[in-house]
Amino acid sequence: MNINIDRLKQASVRQIASERLQLQELSLKIHANPELGLREFKACEWLTQYLMQRGFNIERGICEMPTAFRATYGKGKPVIALLAEYDALPGVGHACGHNLICTIAVGAAVASKLVVDHCGGSIVVIGTPAEENYGGKIVMARKGAFSDLDAAMLVHPDVADIAVVPSIACQQMNVEFFGKSAHASANPAAGINALDAMILSFNSINALRQHIQSTARIHGIITDGGQAANIVPAHSAGEFYVRAADDAYLDELLQKVLNCFIGAAAATGARLEYKPDVLRYASMHSNMTLAQLYVRNMESVGREVKLCESKIPLNVGSTDMGNVSCVTAAIHPMLAIAPKGISQHSAEFAAAAASETGINDMLDAAKAIAMTVVDLLSRAEILQKVRQEFEQGQFQEKK
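Just add 2 to the spot in the sequence shown (first one is 1) and you have this note's numbering.
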């Protein structure tokens, strides 16, 4: 079959341009109705309806998650996946721009129908709930949601255009101290102060921070600190995140943080209960072949995109897309929608995610992703290179 790749790419770009108003409406509607992780019922319904109306076969509630879905167009291999996130943050709504992530995915998927019709294979949109604070893709990866894929792509809003940005491994720690209540004034000697144990833990962690690697992070909150000021707190609880550039150092750092809690328990007499979270965010293993394709396609729509950072930046975070990259070839490029200096998870970034500039940026990314799908489905040698790079990496998620 004689395939004109440039014409397929041009047709994909035109398709996204023709869908501009619908994609804008969809993105702004999701932005105006922020839903927390595992409760994204409106967003899930709107996204699946959009895809179903355009010929996609919809499977809802995959991986036993009510707001997860898989939308498929085409049949058989290769299978190229575009991943959608649509959960919001408490208090600041779509301050991570997930309303743009999901519309990039569905817009590029619809535009990819033409190359599927010409070249075969399948394009799938996988709706992945609860990226924030839960790691929906971690659960989905363990349940096999990505095991049949040849490649997976997701574009994340940011303040710079970079195709490969490292993400660091992360594990949550849930900690409780149990003491003994007593009247804080009349009989304090009879009490064991569980809140003191938690505060002492924070102080120990603060002392530890000077002696950890520059890219590592430890942060947490107190979720229970007592009920009344005149009662010695018999219970305290905290939620902590420990992050590191690789799994080996994360294991080492987790033990050091746990020692802070153990020491606080010994000092106060409170009993410690530690519950390590079973969901662990893996570090991101970006496929450079895929990333280079994305960069070239973004350049064709007039955007200059940096391929990668030369070293792990200090402002790096974690993403459950890292767990996907342990299963299949994947990329997680960053898309500039706001000026440098504006932080994700802020009200200013949430506003940028609903701005005209943000919508235009979203359309550019959808075009580049659709053109990357053309590259993968129309050129067997390119897809083979992507697969070989992934197989040589031999990545494995640590559980």
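Even glycine gets a Cβ: it sits at the ideal position worked out from N, Cα and C.
- Query: beta strand (DSSP E) containing TYR251: first to last residue?
  - Reply: Looking at the DSSP string, TYR251 is not in any beta strand (DSSP E); the run it does join, the alpha helix (DSSP H), is 249-270.
- Task: Sort out for me which residues DSSP pairs ARG144 with in a bridge.
- Result: DSSP lists no partner for ARG144.
- Message: Given this structure, state the Cα-to-Cα distance separating ARG245 from HIS158, to the nearest angstrom.
- Response: Distance between the alpha carbons of ARG245 and HIS158 is about 20 Å.
- With burial defined as no fewer than 16 other Cβ atoms inside 10 Å of the residue's Cβ, what is the status of ASP366: buried or exposed? buried
- Item | Segments of 4+ residues assigned as alpha helix (DSSP H) that fall wholly inside the region 349-392 | 349-354, 358-380
- Could you say which of GLN12, TYR88, GLU311 lies nearest to ALA34 if we only look at CA atoms? The candidate whose alpha carbon is nearest that of ALA34 is TYR88.
- How many Å lie between GLN390 and VAL127 at the Cα? 24 Å
- Task: Could you tell me which residues DSSP puts in a beta bridge with PHE43?
- Result: Looking at the DSSP output, PHE43 sits in no beta bridge, so it has no partner there.
- Query: Going by alpha carbons, who is nearest to ALA209 out of CYS328, ASP377, LYS258, LYS342?
  - Reply: Nearest option by C-alpha distance: LYS258.
- Message: Just verifying my parser: in three-state terms, what is the DSSP assignment at SER29?
- Response: helix
- Counting Cβ pairs closer than 8 Å, one from the region 329-343 and one from the region 357-376, do we hit at least three? yes
- Query: Opposite THR74 in the DSSP bridges: which residues?
  - Reply: ASN59, VAL126
- Can you tell which of LEU281, VAL118, VAL161 has the C-alpha that lies nearest to the C-alpha of ASN176? LEU281
- Please determine, among SER169, ASN135, ALA132, ALA368, the residue with the shortest C-alpha to C-alpha distance to GLN17. ALA368
- Fully enclosed by the region 205-234, which beta strand (DSSP E) runs are 3 residues long or longer? Correct list: 219-226.
- ALA354 CB to nearest heavy atom of the ligand ZN below 7 Å: This structure lacks the ligand ZN, and indeed carries no ligand of any kind.
- Pull up the CB-CB distance for CYS98 and ILE32, whole angstroms please, since I reckon it's below 8 Å. Not confirmed; about 12 Å, so no contact.
- Looking only at its own chain, which residues have a Cβ that is under 6 Å from the Cβ of ALA110, when we skip the five neighbours before and after it? LEU84, ALA368, ILE371, ALA372
- Query: Considering only C-alpha positions, which residue in the set ASP249, GLN394, ALA154, VAL375 is nearest to HIS120?
  - Reply: It is VAL375 whose Cα lies nearest to the Cα of HIS120.
- Task: Have a look at ALA165 and ALA268 and give me their C-alpha separation to the nearest angstrom.
- Result: 48 Å
- Query: From the DSSP output, which residues share a beta bridge with ASP241?
  - Reply: The sequence shown places Glu at residue 241, not Asp. The partner list for GLU241 (beta bridge, DSSP) reads ASN176, ILE223.
- Message: Suppose the cutoff is 6 Å on Cβ atoms and the five residues either side in sequence are ignored; what does the same chain contact list for ARG219 look like?
- Response: So the list reads ARG245, once near-sequence residues are dropped.
- Message: On the criterion of 16 or more Cβ atoms from any shown chain inside 10 Å, does PHE351 qualify as buried, or is it exposed?
- Response: buried
- In terms of DSSP beta bridges, what is LYS277 paired with? The partner list for LYS277 (beta bridge, DSSP) reads ASN176.
- Is HIS237 closer than 8 Å to ALA226 when the C-beta atoms are compared? The amino acid occupying residue 226 in the given sequence is Asp; Ala does not appear at that position. Yes, they are a contact pair.
- Message: For the alpha helix (DSSP H) containing ASP119, name the first residue and the last one.
- Response: 115-121
- Could you spell out the range, first to last residue, of the alpha helix (DSSP H) harbouring ILE406? The structure shown has nothing for residue 406, since the chain only spans 3 to 401.
- Nonlocal neighbours in the same chain, by C-beta distance under 8 Å from LEU260, ignoring five residues either side: MET175, TYR276
- Query: With DSSP run on the structure shown, which of helix, strand or coil describes CYS328?
  - Reply: coil
- Below 8 Å between beta carbons: does that hold for ASN2 and ILE140? Nothing in the structure corresponds to residue 2, since the chain is present only between 3 and 401.
- Item | Contacting residues, own chain, Cβ-Cβ under 7 Å from ALA184 (five flanking each side not counted) | PRO190, ALA192, GLY193, VAL234
- Spatial neighbours of LEU379 within its chain, please: CB distance less than 6 Å, with the 5 preceding and 5 following residues excluded, ordered by chain position. VAL117, CYS121, GLY123
- Do ASN289 and VAL388 have their CB atoms nearer than 8 Å? yes
- Query: In three-state DSSP terms, what is ILE82?
  - Reply: strand
- Does DSSP classify HIS185 as helix, strand or coil? Note: HIS185 maps to strand in three-state DSSP.
- If you drop the 5 nearest sequence neighbours on each side, which residues of the same chain put their C-beta closer than 6 Å to that of ASP322? GLU133, GLY137, LYS139, ILE140, TYR283
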